[in-house]
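Numbering (the UniProt record's numbering), first residue to last: 1 to 182.
Don't be surprised by glycine CBs; every beta carbon is placed ideally from N, CA and C.
Right, one structure below, let's go through it.
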Ligand SMILES: Cc1cc2nc3c(=O)[nH]c(=O)nc-3n(C[C@H](O)[C@H](O)[C@H](O)COP(=O)(O)O)c2cc1C
């Protein structure tokens, strides 16, 4: 038997009506509680400048593009490092090891000054003046490519200029605590 397309297809049913109920806006606490389930690696973003090195702990970092090599970081607009990073035009992502919890805490503590933060971790100036940690699990130095507004954060994209990695276990942020992978 030959199957034939009917000359006229029956009309499609009416699309479902747009919901009239407005989805309630989640509270900041609910939003944080839900995203606390999302594990993330922990890095320290570093930059340089007339006032010396500056850096902050960041978990909102991810790859963006392979060709060209781009990554992105989301930085709180209140971060004192953000203006310095944008002013200098370069930054490095230092991926922390499982045993670098103290470094992560220092670079996240608003009460710890930049000099004290950097005194905790052996570091050097690498290619294009990027500040990289000697003991980082991996690092990438970037030129700031673009910035985009992201609510109370700024999305900073970086064009990767140099990079390096070793072997080891990463530090992970999950459920508001520092953990390893196991
Ligand atoms: C595990 C962890 C991850 C964090 N991730 C980010 C992040 O992705 N972006 C950000 O702006 N702040 C992040 N923070 C908060 C900053 O590290 C913190 O606000 C820091 O004091 C900013 O320093 P600054 O004001 O000297 O730049 C994170 C903190 C912790 C503990």
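Check	Outcome
Residue 116 - DSSP class collapsed to helix/strand/coil	helix
DSSP-derived helix/strand/coil call for residue 86	helix
Closer than 6 angstroms: residue 119 CB and nearest ligand 1 heavy atom	no
Residue 117 burial status per 10 Å Cβ neighbour count (16 or more: buried)	buried
Any non-hydrogen atom of ligand 1 closer than 6 angstroms to residue 56 Cβ	yes
Residue ranges of each alpha helix (DSSP H) within the UniProt domain "Flavin reductase like" (35-180), 4 or longer	80-88, 101-108, 114-119
The region 116-134 contacting the region 43-58, beta-carbon criterion three pairs below 8 angstroms	yes
Any non-hydrogen atom of ligand 1 within 6 angstroms of residue 139 CB	no
Stretch pair the region 140-153 + the region 86-94: three plus CB contacts closer than 8 angstroms	yes
Cα-Cα separation between residue 127 and residue 161, rounded to whole angstroms	8 angstroms
DSSP-derived helix/strand/coil call for residue 25	coil
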